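Here is the structure we will look at.
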Amino acid sequence: TQLEVFVTCIANGDTPSNLKVLASLGQLTALVYPGLDSLQGLGECTQLQDLNVAFSSAATSLRPLSGLVNLTKLWASNCMLVGLEGIEVFSQLQVLELSHNPVMSLQPLTALRQLEKLYAVECDLSSLKGIQ
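Per my numbering, the sequence shown starts with residue 426, numbered consecutively.
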């Protein structure tokens, strides 16, 4: 059997070195790390399936997470996500929490065939195009 590793962290201003340690945990499948000042380096945690980066105010893009091809749940509320470009790499994504972000378009979500739950409360949506 494969060991599931779940880690909860608190952002302390030493994010880059913390992420190097986390990336070395090859079996890390779930991570709660709210309040990050950057998403850089998280993409190296390639076995992640469940990621919570809520309240990461410097997170304006999902592109730094492009290595997370096994991701099934992404909790990114109260970040500063202005767009969803790059989200198509999360082809296994089933749950997406985007509430309280300045996201204006859900169009990139059309690529996510496995998406079952979307939370987008108080976003700056100009249309619902992209939701099936």
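Every residue gets a Cβ at the ideal spot worked out from N, C-alpha and C, and that includes glycine.
Computed from a prediction, not measured in an experiment: that's the story for all the values here.
Other residues of its chain near residue i: CB distance less than 6 Å, five sequence neighbours each side excluded
i, result
"S502", "A479, E522, S524 and H525"
"R488", "G511"
"D475", "A455 and K498"
Three-state class that DSSP yields for residue i in the structure shown
i, result
"D522", "It is worth fixing the name first, because residue 522 is Glu in this sequence and not Asp. If DSSP states are grouped into helix, strand and coil, E522 belongs with the strands."
"L464", "coil"
"I512", "helix"
"L372", "The chain is shown from 426 up to 557; residue 372 falls before or after that span and cannot be answered."
"P533", "helix"
CB-CB length for residue i against residue j, believed under 8 Å
i, j, result
"L509", "L534", "7 Å"
"V520", "V494", "Actually they are not in contact, since the Cβ atoms of V520 and V494 sit about 16 Å apart, beyond 8 Å."
"G518", "L553", "A small fix is needed here, since residue 518 is Leu in this sequence, not Gly. Incorrect: roughly 18 Å between the Cβ atoms, too far for contact."
8 Å CB neighbourhood of residue i in its chain, flanking five on each side removed
i, result
"P527", "M505, L506, V507, C548 and D549"
"G468", "P489, L490, S491, G492 and L493"
According to DSSP, residues forming a beta bridge with residue i
i, result
"L543", "L521"
"L499", "L476 and L521"
Closer than 8 Å to chain D by CB, residue i
i, result
"E547", "Absent from the structure is chain D; it holds one protein chain and no more."
Contact set for residue i: own chain, Cβ-Cβ below 7 Å, skip 5 residues either direction
i, result
"Q465", "P489"
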